[in-house]
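Those protein sequences? They're chains A and B, same order as listed. Every letter in the first sequence is one number past the one before it in UniProt numbering, and letter 574, counting from 1, is 574. Every letter in the second sequence is one number past the one before it in UniProt numbering, and letter 169, counting from 1, is 169. We put the beta carbon where it would ideally sit given N, CA and C, even for glycine. Given the structure is predicted, the values throughout are model-derived calculations rather than measurements.
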Amino acid sequence: MSIDLSQFHQVFFEESFEGLQVMESSLLDLDCENVDSETINSIFRAAHSIKGSSSTFGFTEVAEFTHVLETLLDQVREGSRQLLPDHVDLLLQSVDCLHSMLTALQAKEAVDTEQSKVLIQAFNDILEGREPTSSTDASAAGAADVATSQMAPTLEAESAEEVTWNIKFVPDGNLLRTGNEPLRMFRELAELGELDVKANLSKLPDIPVLNPEECHLSWEMYLTTVKPKSDIEEIFEWVVDESDITILATAGLFGELPSQSSVVDLDAGALPGGVPAEQAVEQPESEKLPKKDIKAPTQKAAAQKDSGKSSESTSIRVSIEKIDSLVNLVGELVITQSMLGQLGNEFDMDKLQKLQEGLAQLEHNTRELQESVMRIRMLPISFTFSRFPRMVRDLSKQLGKKIDLKLLGESTELDKTVMEKIGDPLVHLVRNALDHGLELPEERRAAGKSETGTITLNAFHQGGNIIIEIIDDGKGLNSERILAKARANGVIGESEILTDEQIQELIFQPGFSTAEKVTDVSGRGVGMDVVRRNILELNGSIEVRSVAGKGSTFTIRLPLTLAILDGQLINIGNQTYIIPLVSIVESLQPNMELVNHVAGGCDVFRLRDEYIPIIKLCEVFGVDPISDNLSESLLVVVEVGNSKVALVVDDLLGQQQVVIKSMESNYKKVDGISGATILGDGTVSLILDITDLIHMAGVRQQSKNGLKLVSSKIRAA
Amino acid sequence: MGAAEERIYDSNDVEITSKDNDQTDQYLTFIMASEEYGVDILSVQEIRGWESVTPIPNSPPHVKGVINLRGTIVPIVDLRQRFGLKNVEYGPLTVVIVLKVATAKGSRIMGIVVDAVSDVYSLSAEEMKSAPDLGDHVNTLYIKGLVNVNNKMVILLDINELLGSDSIPEVSISAIKELKDAR
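Below, the structure is given as structure tokens:
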């Protein structure tokens, strides 16, 4: 009987990575002083299922490594070993190590066992009560509590000491029906050492009433072995749920250890992220899982095409609820379709009303279906946020700062592709906030603040957007120094006077990105231009608000998805274009008294207390306008970041959701155009790229030697 | 129209495989300014009538705009303008040949506007003569070769050269004129 296990590999990797994430976040939650048994249990379970499934799939390196890790965890769980901060550090390193091992395996590369060997050694040192050898990391050395270590039983360590185990195995009557053969288990046990089995026949019924499919026997065994207890437990792994198993060490030394707790807790329902693959396969009758935990892996066919990125996950885990709703909707759609089909068979005008109703229903179905399909791609942002606790922990140690990280709105959902691309910019921003924003404890005390700084990551929906805020309560941006640097770099002229907001915008300038300049200025500019570019590529925007001494807030605004946008249809001449609704501030009929013509050809419009440059789209695009007279046109005020421009359009049409199609795939990038879409009548309409337009207008205005508008200049760069 | 042409394509496809040993390729030819041009039939996706396009701002004049081809955005190039020929008014008989063009980044779909579709020829490589050197001022890169069919010259175009590059440079009609003269 051979099954091709490779078909389950993808699921295995996904589950293992999920398990690692659980381990990491639980480890970060651990308080060594007051160990929460639930947290330890969840770490143990995650490690255990990684071990189990990796050995099933023949990834022995992973299984062996997880084994020692698990041994330590088990001892902590049993209470026989006190958890020390060093252990947590070591465990965290192991999580990293496992992560890299699994990544290598997933990419079908050879696993680098160097790191794992060092870590295994460190674990064994702890388990055997030795002082950690100096070859391991510094954190593992140091304050190992010798007293605890020595008191801790070493029975699980792979020492050469023989132990005789008393194993009582009382299975449930259904044991045989679930395909578990006790004889096979005894054979495996016998491989571990010297085995003595006694069967208990007391419950055996008389032959006439005996049901051969039921198991009436129970066994008592004595096993003398050098192998650790976990090896014995592993053999009973599949039957612990429906059996009563006690494994006791009989060799006097550890005789009175609590035994019940040593039974591996394999409550499948409580496992994070669902059932490990092999369990689902082998125990089909195990208790019904809570619906929410079942996740159906779906293969993204398109993603498989780019085989170049093998390490990037090509599948998405979707909750069964989302699939269910999709199936329901398709069902409804089919009903509507057959209803319309019937109507069409013998159509007369009497049925017009019915036809309209049917079409309305169809529209409703389509919209819901669209939304449901989009929802499949949505994942909670916690997938991205989860990496930060670890990063903050490590960095704060490294920098000697005290930091409290707050994560808010973790369940806010975001499109998978957007999520993948926002990860790096976020890491950058958080790292910057940590490194340059927050002060050292002394400085904070001197400034009258609490020693512990706070970084808050907040995600929430606002309209069709998701907003992610990175808030720190550090020292804020140093406007004067930014300004001085900008002047020195020639980014702005000597005499120009900028508002605070404009100064803060300057950190997104490329000129501020090289390292040595940055430390000179404020440190807030490392690669900020890259961060902004990445966000702009996602059709998003980033803003910064900062108050000296109080801290800074970076606000990222992103579209929920890259495939669809809410658009405002406009007319320029006889052409219809689409403006992304996100960037529109307001539309108005210009009051000619508020329009000023600046020498050199640029018009500005006064909107309340702001002067906004006017961009004539018909000029930019070379389209004949319906009217040359500005007073007969409309102004659409759009905003990207903090800079606004007014676009001159001939007419405003409706608003609608549009599916974004690429222009580049068959043509090339067109200036001022971000893509195309197909309107209801089948014609193509182009979507305006507002950032690009502002940029183009800025260049245009400068070349005409017009008013040097700071905002457009900043944009232009 | 498209369906009929597709049928031709299909039946010829069979022929191609059967004649593979003789190294013949099939070419779809079209007429433009009373000259006959040919393109490799395997790159032809479909043939459509002219329909209104959405102009692309600031694009060269021979790029007429984009159309919606069953959900794909396809740019349309006027080959007459591309070759610097006199413009003609588009009518119901104006033909758009949709081609699959190989580029450095993969392939893309583009349409060319021509006067009329003419014929399908099976041509062997031996029949094809390379374009004569017409001097430095004429770019013959996009001309695959010249071939004589029924005493008439057919100019076989290399559409990958012609439409594949991003820049889509202007080509002078003089190339075609000089070709004719050279004969």
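For glutamine 657 of chain A, the enclosing beta strand (DSSP E) stretches over residues 651 to 659.
Look at cysteine 32 of chain A here: in three-state DSSP terms it is coil, with no helix or strand label. Under the Cβ distance rule, alanine 676 of chain A counts among the residues neighbouring chain B, one pair being separated by less than 8 Å.
Across the stretch 68 to 98 of chain B, CB contacts with chain A closer than 8 Å involve Asn68, Gly71, Thr72, Ile73, Val74, Pro75, in sequence order along the chain.
C-alpha of proline 205 of chain A to C-alpha of valine 111 of chain A: approximately 54 Å in a straight line.
Check the Cα spacing between glutamine 337 of chain A and each of A:Gln353, A:Lys485, A:Gln361, A:Ser587: the tightest is with A:Gln361. Inter-segment contact for the stretch 485 to 492 of chain A and the stretch 547 to 566 of chain A is absent: fewer than three beta-carbon pairs are separated by less than 8 Å. Lysine 661 of chain A reaches chain B at Ile73, counting residues in chain order whose Cβ is nearer than 7 Å. Between the C-alpha atoms of glutamate 593 of chain A and arginine 387 of chain A there is a straight-line separation of about 54 Å.
Under the 8 Å Cβ criterion, the stretch 64 to 77 of chain B does not count as touching the stretch 117 to 132 of chain B, having fewer than three qualifying pairs. Residue-level contact check: isoleucine 47 of chain B does not touch chain A, since none of the beta carbons of chain A fall below 8 Å from its beta carbon. Within its own chain, the residues whose Cβ lies closer than 6 Å to the Cβ of serine 116 of chain A, once the five positions on either side in sequence are excluded, are Phe65, Cys97, listed in chain order. About 6 Å separates the CB atoms of isoleucine 56 of chain B and valine 66 of chain B; that is less than 8 Å, so the two are in contact. Using a CB distance cut-off of 8 Å, leucine 562 of chain A does not count as an interface residue toward chain B. With at least 16 other beta carbons inside 10 angstroms of its own, isoleucine 126 of chain A counts as buried. Taking C-alpha positions only, valine 113 of chain B is separated from valine 684 of chain A by approximately 18 Å. For asparagine 365 of chain A, the enclosing alpha helix (DSSP H) starts and ends at 352 to 376. What asparagine 58 of chain B touches in chain A, judged by beta-carbon distance under 9 Å, is Val620, Phe621, Gly622, Val670, Asp671, Gly672, going in chain order. Valine 66 of chain B has a beta carbon lying within less than 8 Å of a beta carbon in chain A. As computed with DSSP, phenylalanine 554 of chain A is found in a beta bridge with A:Ile470, A:Val544. Counting only unbroken stretches of 4 or more residues, the alpha helix (DSSP H) elements lying wholly within the UniProt domain "CheW-like" (564 to 699) of chain A are 617 to 621, in sequence order. Taking C-beta atoms under 8 Å as the contact rule, phenylalanine 30 of chain B and isoleucine 97 of chain B qualify, at a distance of about 7 Å.
Cβ neighbours of leucine 414 of chain A within its own chain (closer than 6 Å, five residues either side excluded): Ile381, Ile466.
For the pair threonine 71 of chain A and isoleucine 320 of chain A, the Cα-to-Cα distance works out to about 35 Å. Neighbours of glutamine 656 of chain A in chain B, taken as residues whose beta carbon is under 9 Å from its own, are absent, since the nearest beta carbon is some 16 Å off. About 17 Å separates the CB atoms of valine 645 of chain A and isoleucine 578 of chain A; that is not less than 8 Å, and the two are not in contact.
Sequence-ordered contacts of the stretch 51 to 71 of chain A with chain B are nonexistent [C-beta pairs closer than 9 Å]. Taking a 10 Å sphere around the C-beta of alanine 446 of chain A, we find fewer than 16 other C-beta atoms and assign the residue as exposed. Identification of chain B residues near threonine 683 of chain A by a Cβ-Cβ cut-off of 8 Å yields Ser52, Thr54, Asn68, ordered along the chain. Going by C-alpha positions, arginine 606 of chain A is about 27 Å away from isoleucine 673 of chain A. The Cβ of methionine 128 of chain B sits no closer than 8 Å to any Cβ of chain A.
Fully contained in the UniProt domain "CheW-like" (24 to 168) of chain B are the following alpha helix (DSSP H) runs of length 4 or more, in chain order: 79 to 82, 159 to 163. Contacts with chain B at 8 Å (Cβ-Cβ) do not include serine 386 of chain A. With contact defined as three or more Cβ pairs closer than 8 Å, the stretch 179 to 194 of chain A and the stretch 234 to 246 of chain A are in contact.
Excluding residues up to 5 positions away in sequence, Arg532, Ile535, Ile556 lie with their Cβ nearer than 6 Å to the Cβ of isoleucine 542 of chain A in the same chain. Sequence-distant partners of arginine 377 of chain A (beyond 5 residues in either direction) whose C-beta falls short of 6 Å from its own C-beta, in its chain, are Asp415, Lys416.
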